DNA sequence: TTTTGAGTTGTTCGA
DNA sequence: GTCGAACAACTCAAA
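Numbering (our numbering), first residue to last: 517 to 974.
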């Protein structure tokens, strides 16, 4: 294909059967990412061509307009996306157009790693061992010298309407993110220049800005690949610039992403159906007001509310806090994990078709290799343990900032004088707990008991 | 085929 | 305050 003119095509497809529409935060990201990509391509004498509509039709149009003889793309792994892509491949080949797909998103295709008995892995640790043992990143391809191609009609990025308007809720996003390939590379470089060595400990501290890599949205939108990450980490270890202790913990998190993709590939309904079918008997509660309080960060538990507000304001939430808020929704509040998954899908800039449902199911207990049923995160002790100095809660729940550390994660335990001195009026300036911890915990454990009873009866 | 060991991230209780 | 044990039982992966 070298030397032939290229049409760089992005199709925004909300028309093909079954595709899950992008959430609002994803659209915000795509708006910037596409602009960055367009600029990068323009720098190589090319043009990013944007179309909207069903992918098959858009491709047909562009082929007719340009006489293209070949179409190349990177694979996706969600059920509807795979169906659309398979149909396109078949149609193109029948028309005599070369059609080829590649692995651009994963270390290893989800059908490669198999257990001794030939199935896919359902437990992370053996999956990770197998991946580590066999994986070596392919050598990096050289940057293309030119992406020149024919002048084709294209929509402008702004015409997609991806940036929020009326109101623009994204002001808090701008300070945090630089979508695009250059932003992704800078993130990785910064992370490998020090923070990765402390990753093992600091990744659990949400108050630490550099405790985690912040690469998730870049990985989500293909601005950097896990193979690039792996290569860079290994190179830094070999050069003696970083130790392999923290680095391997970091790579194991990259492997969790792979594990999730393997689960999604082998369970295309992962975002809708319980992976563990016993959970169909779970007595979830339908309480719109309670769900809304969780979404708005008004549960009365500071670490939960801080997380939900960080999400709303920046499009991202620290991983430790994701587990806490997800446990709180599915266990204390007993609201279906799908409601949480939907909310994250809409509000996260890294909303991922594999990681999001897999992680929600993991926390709820219905997922692969899931948390055991008795593991109900205590939002008070989690806060005290991982946000001991209160930096995280004070940042995202400023109305509590003047409380002393001792009661910051459980304001209702503070005496009237302490509350008054801090300007906190429970039920007025900050909510009372939506449910008492011990009550919620007991209720969740009892519900899990009923699952067990139903299973043994079946 | 059978057996064996192990399983991301926690909490609570009692010594 | 700190420590170890109990919390269940099951499924998975590999020997």
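Don't be surprised by glycine CBs; every beta carbon is placed ideally from N, CA and C. Note that the coordinates shown come from a computational prediction; the quantities given were computed from them, not determined experimentally.
Spatial distance of residue i from residue j (CA atoms)
| i | j | result |
| --- | --- | --- |
| residue 698 | residue 798 | 46 Å |
| residue 611 | residue 908 | 57 Å |
| residue 492 | residue 567 | Because residue 492 is not part of the residues shown, which for the chain are 517 to 974, the question remains open. |
| residue 617 | residue 906 | 48 Å |
| residue 608 | residue 525 | 16 Å |
| residue 927 | residue 896 | 10 Å |
| residue 938 | residue 894 | 24 Å |
| residue 778 | residue 704 | 25 Å |
| residue 852 | residue 819 | 21 Å |
| residue 533 | residue 601 | 12 Å |
| residue 714 | residue 681 | 40 Å |
| residue 718 | residue 592 | 32 Å |
| residue 540 | residue 863 | 6 Å |
| residue 520 | residue 603 | 26 Å |
| residue 975 | residue 594 | The requested residue 975 is not part of the displayed model; the chain covers only 517 to 974. |
| residue 943 | residue 642 | 48 Å |
| residue 598 | residue 918 | 52 Å |
| residue 910 | residue 904 | 11 Å |
| residue 564 | residue 615 | 20 Å |
Cβ shell of residue i (< 7 Å), same chain only, five flanking positions each side left out
| i | result |
| --- | --- |
| residue 537 | 530 |
| residue 929 | 923 |
| residue 959 | 850 |
| residue 829 | 688 |
Assumed close pair residue i, residue j - CB separation to whole angstroms, cut-off 8 Å
| i | j | result |
| --- | --- | --- |
| residue 653 | residue 752 | About 13 Å separates the two Cβ atoms, so there is no contact after all. |
| residue 632 | residue 741 | Incorrect: roughly 29 Å between the Cβ atoms, too far for contact. |
| residue 890 | residue 961 | 7 Å |
| residue 673 | residue 551 | 5 Å |
| residue 720 | residue 844 | Incorrect: roughly 17 Å between the Cβ atoms, too far for contact. |
Cutoff 8 Å; reference residue i; Cβ partners in own chain excluding five residues on either side
| i | result |
| --- | --- |
| residue 651 | 623, 624, 746 |
| residue 979 | With the chain covering 517 to 974 only, the question about residue 979 has no answer from this structure. |
| residue 517 | Unreliable positioning characterises residue 517 in this predicted model, as indicated by a pLDDT of 48, which lies under 50. A coordinate reading is not provided. |
C-beta contact flag for residue i and residue j at 7 Å
| i | j | result |
| --- | --- | --- |
| residue 964 | residue 884 | no |
| residue 683 | residue 545 | no |
| residue 982 | residue 749 | The requested residue 982 is not part of the displayed model; the chain covers only 517 to 974. |
| residue 767 | residue 806 | no |
| residue 562 | residue 665 | yes |
| residue 846 | residue 874 | no |
| residue 722 | residue 836 | yes |
| residue 859 | residue 811 | yes |
| residue 728 | residue 950 | no |
| residue 736 | residue 866 | yes |
| residue 822 | residue 941 | no |
| residue 522 | residue 574 | no |
| residue 868 | residue 678 | no |
| residue 535 | residue 596 | yes |
| residue 780 | residue 870 | yes |
| residue 553 | residue 663 | no |
Terminal residues of the beta strand (DSSP E) in which residue i lies
| i | result |
| --- | --- |
| residue 587 | 586-590 |
| residue 616 | 614-618 |
| residue 579 | Looking at the DSSP string, residue 579 is not in any beta strand (DSSP E); the run it does join, the alpha helix (DSSP H), is 571-582. |
| residue 526 | 524-528 |
| residue 567 | 564-568 |
Element boundaries [alpha helix (DSSP H), containing residue i]
| i | result |
| --- | --- |
| residue 842 | 835-843 |
| residue 735 | 732-736 |
| residue 778 | 760-782 |
| residue 640 | 640-650 |
| residue 742 | 742-754 |
Same chain only: Cβ atoms within 6 Å of residue i, ignoring 5 sequence neighbours per side
| i | result |
| --- | --- |
| residue 793 | none |
| residue 809 | 815, 950 |
| residue 833 | 823, 826, 827 |
| residue 886 | 878 |
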